[in-house]
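Just below is one structure, and these are the notes that go with it.
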Amino acid sequence: MKNSSENKFTVVIKKDCPTCLLIEPVLNELVASYQDKISVYVQDDPAFPSSINNKIDDTSLEFSYRNQIEIVPTLICSNSEQEVARTVGWDKSEWQQLTGLSNLGTNLVDFKPGCGSKSQDPGMEEQLAARFDSEKLSARKVELADSEDEIEACFDRGWSDGLPVVPPTSLRVIRMLKGTKKAPDEIIGNIPPDNLPCTIEKVAINAVMAGCKPEFFPTVLASVEAALQDKFCMHGLLCTTYFSGPVMVVNGPVIKRIGMNCGVNALGQGNRANATIGRALQLLIRNVGGGVPGGIDRAVMGNPGKYTYCFAEDESDEEWATLAQDRGFDRSESVVNLFAGEGLQPIVDQQSRNPESLAKNMANSLRSVVNSKLYGLADAILVVCPEHRRVLKQGGWTKTDLRQALLENLMTPGADIIRGAQGIAEGMPEKFKNKTMNKFREDGLHITSTGGKAGMFSAIISGWVASGEKGSQLVSQKIQ
Amino acid sequence: MTNTIMLDPTAELNPVEKQILPRLESLAGATVGLLDISKPRGKEFLDEVEKYLVEMGATVKRYMKPTFARVAPNELNQKISIECDAVIEGLAD
Chain A
6 MKNSSENKFT VVIKKDCPTC LLIEPVLNEL VASYQDKISV YVQDDPAFPS SINNKIDDTS
66 LEFSYRNQIE IVPTLICSNS EQEVARTVGW DKSEWQQLTG LSNLGTNLVD FKPGCGSKSQ
126 DPGMEEQLAA RFDSEKLSAR KVELADSEDE IEACFDRGWS DGLPVVPPTS LRVIRMLKGT
186 KKAPDEIIGN IPPDNLPCTI EKVAINAVMA GCKPEFFPTV LASVEAALQD KFCMHGLLCT
246 TYFSGPVMVV NGPVIKRIGM NCGVNALGQG NRANATIGRA LQLLIRNVGG GVPGGIDRAV
306 MGNPGKYTYC FAEDESDEEW ATLAQDRGFD RSESVVNLFA GEGLQPIVDQ QSRNPESLAK
366 NMANSLRSVV NSKLYGLADA ILVVCPEHRR VLKQGGWTKT DLRQALLENL MTPGADIIRG
426 AQGIAEGMPE KFKNKTMNKF REDGLHITST GGKAGMFSAI ISGWVASGEK GSQLVSQKIQ
Chain B
-15 MTNTIMLDPT AELNPVEKQI LPRLESLAGA TVGLLDISKP RGKEFLDEVE KYLVEMGATV
45 KRYMKPTFAR VAPNELNQKI SIECDAVIEG LAD
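Protein sequences appear in the order of chains A and B. The opening position of the first sequence corresponds to residue 6 in the numbering used here, with each subsequent residue numbered one higher. The opening position of the second sequence corresponds to residue -15 in the numbering used here, with each subsequent residue numbered one higher.
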């Protein structure tokens, strides 16, 4: 036990707290007994309390922040610069015991709870972290000139995809990092195409720029982990002359938690989570990976989904197996599925009232993925709308039945699609002439469901022409 | 007031400062704009510069700001950036 006569005391108070006002006589007693062994920090009014001379101005809240003050008043007892005990609010017996003054505050009530510390005001903790702990962030700090506009500065430095980005200040990045338990300096992996190591902090910076909220951050991290899976082949996807880019389909409870859109206009504009999560991955690949259009990105045309392409599955029907379930996950798990694809090709069917007719129609449309005479080249995601899902359900079909019927309907004689057939030079090589071909390789047709309740409009997301083991396969990553 | 500080979102391979465009490796075959800012004797000076540039194999195009007192109009900047590989500005009289 350390010598209690060497104890020092620190009290943190604010004027705006009735309990702090109440204990002013106590503070005077403490000063009288301990003189320079007591320090009084004041959070709001440095003139308070007027009866104490040597109080310390903590309106910057640095002391309160560094000492994790949650309640005022807080009394801290320390010995040899080490805290040995603290009490919060006014609890007469505790204050008497801690200070060793058995007559301390005898005229006051026995107990009065304190108030919240100013360092705990909403949003204040992150502000203080940015002010006093920004050295914990290791990214290079870029100071703007007087005349620079923040958003224009991001454009000027080449950090943008062509749309304005949210300027990544320390405060915003610290807030974003609150969205994960991972340490800022943890390496998530090497980001293609330059294959440079990337920290969680760098992902957070790009998520800020994309416009994400901290609660979106775990989904962003999972999307990065998915993109880094070898099977996904992000490097090749970024470099290709083809249209494709990463397409994200999100499953599980996270959809409702962060308010993703899986209803009306699910693949369109207007939902912050859908829009910014997809954009964060693209910005990361641009900024950390160096994947810049015209540089390593050699797309002939690209596609608008290379700004962002992210949506959630409609999981309202328990009997409909989700894409994540198809990939071996449980409904209770939140999952990001990443697919190399582009665009949206509609399948209009307002007449089919039975699954057989609908499946034939969908198969006809799926035949045109990439080129109606090229088979086994590109994977696809079939996006079934809720009304078409109803037709399947009323006919007693599950997703497995639909997939089976589609694959059967997509079998095609090689002679119909070889080069030169139908008077078209493009097509399958001659060697397939006497074979029966399937449009998709095994595991090359994925099925998900999303969209508004009205409208018999399903759709196809066409895949990269380098689908499969030679290029990219759909990958799934659990959101932590 | 302190200036805004942002965190670098890149892999930090390039210097923080705004980068100037890559310089021309040779003037041969390049189109060089000469921008007269409308100060006295600018024409005579730029005529001399033009001679040297032509000797080095460059094609020269001449431009003039409406007034030296103001920054060049956007239309003029855009016209120069479309038509030229480089520009030399005659800054003073």
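Note that CB positions come from ideal geometry on N, CA and C, so glycine has one too. Keep in mind it's a predicted model, so treat the numbers as computed, not measured.
- Listed along chain B are Leu(-9), Asp(-8), Pro(-7), each with a C-beta nearer than 8 Å to that of A/Ile210.
- At the C-beta level, A/Glu131 and A/Arg180 come within 8 Å of one another.
- Using a Cβ-Cβ distance cut-off of 8 Å, the stretch 436 to 445 of chain A and the stretch 370 to 385 of chain A are in contact, since at least three pairs of beta carbons, one from each stretch, lie closer than that value.
- In this chain, the alpha helix (DSSP H) harbouring A/Arg262 covers 259 to 262.
- Looking from the CA of A/Cys315, the closest CA among A/Ser339, A/Val353, A/Asn266 belongs to A/Asn266.
- Here the C-alpha atom of B/Leu60 lies approximately 33 Å from the C-alpha atom of A/Leu288.
- The beta carbon of A/Ser9 sits closer than 8 Å to those of Asn84, Gly105, all from its chain and outside the five residues before and after it, given in chain order.
- Below the 8 Å Cβ cutoff, chain B contributes Thr(-12), Met(-10) as neighbours of A/Glu155, in chain order.
- One thing to note: A/Leu66 has its Cβ no nearer than 8 Å to the Cβ of A/Lys117.
- Put simply, the backbone Cα of B/Thr43 is about 20 Å away from that of B/Ile21.
- Taken atom to atom, the span from the alpha-carbon of B/Glu28 to that of B/Thr51 is near 17 Å.
- The three-state secondary structure of A/Val225, taken from DSSP, is helix.
- Among the CB atoms of chain B, none fall inside 8 Å of the CB of A/Trp100.
- A/Phe68 is not a Cβ neighbour of A/Tyr39, given a cutoff of 8 Å.
- Contact annotation: the stretch 361 to 371 of chain A does not touch the stretch 307 to 327 of chain A, with fewer than three C-beta pairs closer than 8 Å.
- Within the stretch 157 to 245 of chain A, the runs of alpha helix (DSSP H) that reach at least 4 residues and sit entirely inside it are, in chain order, 175 to 182, 205 to 215, 222 to 233, 239 to 244.
- Following the DSSP letters along the chain, one finds A/Gln132 inside the alpha helix (DSSP H) bounded by residues 129 to 137.
- In this structure, the alpha-carbon of A/Leu35 lies about 40 Å from that of A/Ser175.
- In this structure, A/Asn342 sits near A/Val254, with a CB-CB distance shorter than 8 Å.
- Inclusion of A/Ile193 and A/Ile205 in the CB contact set at 8 Å is warranted, their separation being smaller than that value.
- The beta carbons of A/Ser481 and A/Trp469 sit no closer together than 8 Å.
- Note on geometry: alpha-carbon atoms of A/Ala150 and B/Leu(-9) lie some 15 Å from one another.
- Within the stretch 130 to 156 of chain A, the residues whose Cβ lies closer than 8 Å to any Cβ of chain B are, in chain order, Leu142, Ala144, Arg145, Lys146, Val147, Glu148, Leu149, Ala150, Asp151, Glu153, Glu155.
- Here B/Leu37 carries a helix assignment [DSSP, helix/strand/coil].
- B/Pro(-7) and A/Pro173 do touch by the CB rule: their CB atoms are close to 6 Å apart, below 8 Å.
- Between A/Leu226 and A/Val208 a beta carbon distance of about 6 Å is seen, short of the 8 Å cut, so the two are scored as contacting.
- Remark: three or more beta-carbon pairs, one from each stretch, lie closer than 8 Å, so the stretch 18 to 28 of chain A and the stretch 44 to 55 of chain A are flagged as touching.
- When Cβ-Cβ separations below 8 Å define contact, A/Val293 makes contact with chain B.
- In the DSSP assignment, B/Ile(-11) falls within the unbroken beta strand (DSSP E) covering -11 to -9.
- Cβ neighbours of A/Ser143 within its own chain (closer than 8 Å, five residues either side excluded): Pro189, Asp190, Thr204, Glu206.
- In this structure the stretch 288 to 305 of chain A lies against the stretch 235 to 248 of chain A, because at least three pairs of beta carbons, one per stretch, are closer than 8 Å.
- Assignment of A/Leu349 by DSSP, reduced to helix, strand and coil, places it in the strand class.
- According to the DSSP assignment, A/Met416 belongs to no alpha helix (DSSP H) but to the beta strand (DSSP E) extending over 416 to 418.
- Counting other Cβ atoms within 10 Å of its Cβ, B/Leu75 stays below 16 and is therefore classed as exposed.
- At the C-beta level, A/Asn376 and A/Glu413 stay beyond 8 Å of one another.
- The bridge partners DSSP lists for A/Phe116 are A/Asp96.
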